[in-house]
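Position 91 of the sequence shown, counting from 1, maps to 91 under the UniProt record's numbering, and the rest follow consecutively. Ideal Cβ positions, reconstructed from N, Cα and C, are used throughout, including at glycine.
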Amino acid sequence: MAEMRIDKWLWAARFFKTRALASKACELGRIESNGQRAKAAREVRVGDMLRVKNEAGDFHVEVLLLSEVRGPAAVAQTLYRETEESQQARLKAAEERKEMMRMGAVTEGRPSKRDRQELKRLRGRIHRF
């Protein structure tokens, strides 16, 4: 097997619970293959670089193996290798979420002006002198 559908590979690699969710992510533009938006039927090959956006984060991965069978998580993780930059970015985002939860930034309803300014400051988008 030299190539396969990208939605089937994403399902087998456990980025999505169902193939339908993988197809929907492709349709919404959350999957890129070698820098281009990927449709569900696009063929994926060993060595392709994929960008996958899902609820767990933003992944930049290199395809190492192809599999049409969804196996255990340990086996699924051998199908790809995540880039170092991607791992660091996801860890930073997780830390930001934890910090916001500790500070009580998640409130009921819309954030106030003060809340928005605090979120921007935490994300490093605003500098106070």
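When DSSP labels each residue in this structure, what does SER33 get in the three-state scheme? If you number the sequence shown from 1, residue 33 lands on position 33. Strand.
DSSP-derived helix/strand/coil call for LYS53: For the purposes of this step, residue 53 is identified with residue 53 of the sequence shown, where counting begins at 1. In this structure, LYS53 counts as strand in the three-state DSSP scheme.
Comparing alpha-carbon positions, which option in ARG37, LYS17, GLU55 and GLY109 lies nearest MET49? On the sequence shown, residue 49 is found 49 positions in, with the first residue counted as 1. Of ARG37, LYS17, GLU55 and GLY109, the residue nearest in Cα terms is ARG37.
Are the C-beta atoms of ALA2 and some chain D residue less than 9 Å apart? As a matter of chain content, chain D is missing from the structure shown, which is built from one protein chain.
Would you grab the beta carbon distance between ASP47 and ARG90 for me? Rounded to a whole angstrom, and I think it's under 8 Å. One-based indexing of the sequence shown puts residue 47 at position 47. One-based indexing of the sequence shown puts residue 90 at position 90. The residue asked about is misnamed: residue 47 is Gly in this sequence, not Asp. The pair is not a contact, with the Cβ atoms about 23 Å apart (cut-off 8 Å).
Assess contact between the region 82-96 and the region 8-26, defined as three or more Cβ pairs (one per stretch) separated by less than 8 Å. Is contact present? With the cut-off at 8 Å, the region 82-96 and the region 8-26 do not touch.
Just reading off the beta strand (DSSP E) that GLU108 is part of, what are its end residues? The residue given as residue 108 occupies position 108 in the sequence shown. Here GLU108 belongs to no beta strand (DSSP E), and DSSP marks it neither H nor E.
Which whole-angstrom value is the C-beta distance of TRP9 and VAL61, which I expect to be below 8 Å? Within the sequence shown, the letter at position 9 stands for residue 9. Within the sequence shown, the letter at position 61 stands for residue 61. Their Cβ separation, rounded to whole angstroms, is 11 Å, which puts TRP9 and VAL61 out of contact at 8 Å.
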